[in-house]
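To start, the structure itself, in structure tokens.
What follows is the structure, encoded as structure tokens:
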């Protein structure tokens with residue numbers, strides 16, 4: 074039997090999501106069809122999603138094969154490690170009083186998890202680009218806009234192997250200047266520019 | 002007619018203000034630039050610039066965003082013709098004949114007819130928007146909640162049916178979008194739904210974060226994963242003037258393209274790429290030069306280029322008159338309007354005449370600007386292609402990050418964008434089309450409200466959706482559209498058409 078792996082995965086994805094939605098929706102009152110409560114529309118939507126997921130899953134068994142990209146063993150390991158470290162890290166960081174508020178536990182845990190993910194070649198680009206964006210969020214408040222941009226660009230630059238240090242430095246300077254002009258000078262957004270450690 | 006003229010005069014007054022002219026030009030220029038550059042499209046750009054538009058008046062903001070959309074149609078054709086490299090999906094078919102023309106030494110002629118054809122089509126379709134707007138608005142005002150619900154359902158279904166790839170998966174993406182739209186406070190009872198106690202989620206998921214993540218960030222990752230293939234070899238532009246014979250062949254193609262594009266643009270789920278493809282198919286079957294197709298037939302450039310620009314304008318009709326976005330770009334426009342505190346819908350023509358008429362007139366002005374600036378600047382646009390992607394993506398990333406932060410001054414939105422970036426990446430790997438998701442997300446909350454109202458009015462009787470004539474007809478069209486896609490022959494045809 075030929076299985077369309079992409080459709081199979083999509084079907085499972087939809088079914089899990091619909092199941093999760095229906096489970097979470099148990100908290101909301103359904104109401105009647107005349108006076109719909111907050112849970113009525115979610116119930117309809119997630120049941121439809123469930124049905125569609127089942128159809129996609131069923132079709133996957135009979136359509137032409139479309140395999141997923143090959144995963145290396147390392148890809149599995151880093152994914153599992155990233156999830157575990159992210160979840161544990163979140164709990165640990167959340168317990169540190171100095172890092173309370175401003176979503177620091179979420180941001181830092183996510184960044185660490187993404188950097189772990191980036192170890193394997195399959196996740197390298199994904200991990201580095203997203204880790205760069207996360208660092209921006211983590212550094213913005215205390216480190217200021219300029220430092221946050223510099224850190225983001227440097228980390229994200231590792232995602233493309235063609236980058237050279239000089240090019241990255243020029244990129245950082247240019248983007249800092251551009252962002253100062255657009256967001257600080259023209260739009261005047263409320264954000265720290267310099268570090269306030 | 003007099004009313005239309007006075008309205009248009011009012012619109013020109015609005016569009017000619019210094020700020021609006023400046024931002025129309027800015028939008029057109031940005032649009033052309035991203036049209037030229039492969040790897041970044043109008044959806045990603047508009048979501049990127051959404052936060053920047055908050056500080057502007059609504060009219061100026063929409064004028065700029067619209068400029069990006071139709072500017073991209075102009076820009077996409079330049080690289081398609083000169084480099085055999087479609088900058089946008091909508092200019093894929095232009096490469097077929099346009100690049101052949103360039104190889105025959107007629108690149109200049111191809112560029113000219115693309116620009117002139119686009120301008121002509123843009124002018125005609127802008128008039129169409131102006132004329133049909135108030136008319137459709139009157140029809141829409143007689144709609145009751147049940148009719149609205151069915152209309153939105155039709156919009157969702159057609160946008161799914163016309164999306165690339167499997168129809169079932171596209172419908173599933175629409176439903177997923179509606180599901181994501183449920184997050185937040187329930188409007189009628191004030192209860193928090195799916196917020197997990199996060200205060201930032203009580204207003205719902207951040208629209209800009211979602212659009213940027215799924216389109217902007219995910220696109221960066223995917224572009225970096227596949228090695229860059231970009232040729233810098235450019236065909237000689239040659240003379241920009243067309244011969245008499247070429248004019249004679251191109252003119253009917255432009256006319257046909259305008260009609261096809263205008264019609265396909267209005268359809269929910271339609272838009273520029275569908276229009277250019279439709280026109281190409283038509284020219285290949287109908288035009289006098291059909292024997293030359295494949296060897297640089299000018300009809301194959303003139304028709305599709307006119308069509309994609311016409312469609313870019315007319316796809317504003319359902320948005321401006323009914324408040325229903327027909328594709329992902331229009332969904333972003335709805336997002337921009339809602340953030341500005343304007344609920345898109347049939348009352349917009351009355352309550353926001355500046356916006357409605359100003360936008361229409363600025364579209365025409367923007368098209369004129371594009372015609373004037375594009376041809377002389379072709380050399381500059383082509384140079385833009387030499388900027389390697391490794392310098393572009395840090396800039397896109399930076400603008401995403403600051404932009405999304407500046408909406409609420411909250412880093413939570415930055416992390417949401419990261420989350421949606423992962424989601425967009427997964428969607429791509431599983432061949433799930435993300436555009437219908439955005440349309441579903443925008444329409445979902447409105448649909449829920451109309452559904453609740455309709456059911457309250459009918460005392461819980463769902464047959465109201467079939468008994469109301471307007472609603473019944475709309476639902477029948479929904480069923481028809483879905484039913485047609487079940488026919489294997491038609492599905493194959495669609496797949497062939499979408500594969501380009």
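Protein chains in written order, with this note's numbering: chain A, 74 to 270; chain B, 2 to 501. Just so it is clear, CB atoms sit at the ideal spot from N, CA and C, and this is done for glycine as well. Small disclaimer: the values here were computed from a predicted structure and weren't measured.
Assigned with DSSP and collapsed to three states, residue 349 of chain B falls in helix.
Secondary-structure assignment with DSSP links residue 194 of chain B through a beta bridge to B:185. Think of a sphere of 7 Å around the beta carbon of residue 172 of chain B: the chain A residues whose beta carbon falls inside it are 125, in chain order. In the pairwise beta carbon analysis, the region 323-335 of chain B is classified as touching the region 40-51 of chain B: at least three pairs are separated by under 8 Å.
Taken in chain order, the complete alpha helix (DSSP H) segments of 4 residues or longer contained in the region 123-171 of chain B are 146-162. By the Cβ-count criterion, residue 346 of chain B is buried, with 16 or more other Cβ atoms from all chains shown falling within 10 Å of its own Cβ. Not one beta carbon of chain A lies nearer than 7 Å to the beta carbon of residue 384 of chain B. Taking 7 Å as the cut-off, the beta carbon of residue 192 of chain B is found closer than this to the beta carbon of residue 111 of chain A. Rounded to whole angstroms, residue 176 of chain B and residue 434 of chain B show a C-alpha spacing of 12 Å.
Closest option to residue 286 of chain B, judged by alpha-carbon separation, among B:317, B:254, B:266 and B:275: B:254.
For residue 331 of chain B, the enclosing alpha helix (DSSP H) has its first and last residue at 329-340.
For residue 413 of chain B, the chain A residues whose C-beta falls within less than 7 Å of its own C-beta are 176, listed in chain order. Looking at the DSSP output, residue 109 of chain A sits in a beta bridge with A:104. Straight through space, the alpha carbons of residue 131 of chain A and residue 393 of chain B are spaced by roughly 42 Å. Listed by position along chain A, the residues whose Cβ is nearer than 7 Å to that of residue 64 of chain B form an empty set, because the closest Cβ is around 18 Å away. A direct Cα-Cα distance of roughly 10 Å separates residue 481 of chain B from residue 155 of chain B.
Listed along chain B, the residues sitting closer than 8 Å to residue 83 of chain A by beta-carbon distance are 170, 173, 431, 432 and 433. One Cα belongs to residue 280 of chain B, the other to residue 257 of chain B, and the distance between them is close to 8 Å. Between residue 64 of chain B and residue 21 of chain B, the CB-CB gap stays under 7 Å. Residues 326, 327, 331, 334, 335 and 345 of the same chain have their beta carbon placed closer than 8 Å to that of residue 320 of chain B, with the five preceding and five following residues left out of the count.
For residue 144 of chain A, no alpha helix (DSSP H) run applies, since DSSP gives it neither H nor E.
For residue 461 of chain B, same chain residues with a beta-carbon under 8 Å away, outside a window of 5 residues either side, do not exist. Of the residues assessed, residue 266 of chain A falls on the exposed side of the cut-off, its CB having fewer than 16 other CB atoms within 10 angstroms. Counting along the chain, residue 416 of chain B sits inside the alpha helix (DSSP H) bounded by residues 412-430. Taking the Cα positions, residue 391 of chain B is about 48 Å away from residue 452 of chain B.
Boundaries of the alpha helix (DSSP H) around residue 407 of chain B: 390-409.
Around the beta carbon of residue 107 of chain A, a 10 Å sphere encloses fewer than 16 other beta carbons of the protein chains shown; the residue is thus reported as exposed. When C-beta atoms of the region 408-417 of chain B are compared with those of the region 144-162 of chain B, fewer than three pairs fall below 8 Å, so the two segments do not count as touching. For the region 121-155 of chain A, residues whose beta-carbon sits nearer than 9 Å to a beta-carbon of chain B comprise 121, 122, 125, 126, 128, 129, 132, 136, 139, 141 and 142. Close to chain A, meaning a Cβ-Cβ distance shorter than 7 Å, is no residue of the region 329-348 of chain B at all. In this structure, A:210 is the residue among A:210, A:205 and A:203 with its C-alpha nearest to the C-alpha of residue 177 of chain A.
By the Cβ-count criterion, residue 75 of chain B is buried, with 16 or more other Cβ atoms from all chains shown falling within 10 Å of its own Cβ.
Annotated as distal: residue 299 of chain B and residue 348 of chain B, with beta-carbon spacing of 7 Å or more. Contact check for residue 364 of chain B and residue 127 of chain B: beta-carbon distance about 5 Å, within the 8 Å limit, so the pair qualifies. Residue 454 of chain B carries a helical assignment under DSSP once its states are collapsed to helix, strand and coil.
By the criterion of a C-beta distance shorter than 8 Å, residue 127 of chain A is surrounded in its chain by 84 and 88, once the five residues flanking it on both sides are discounted.
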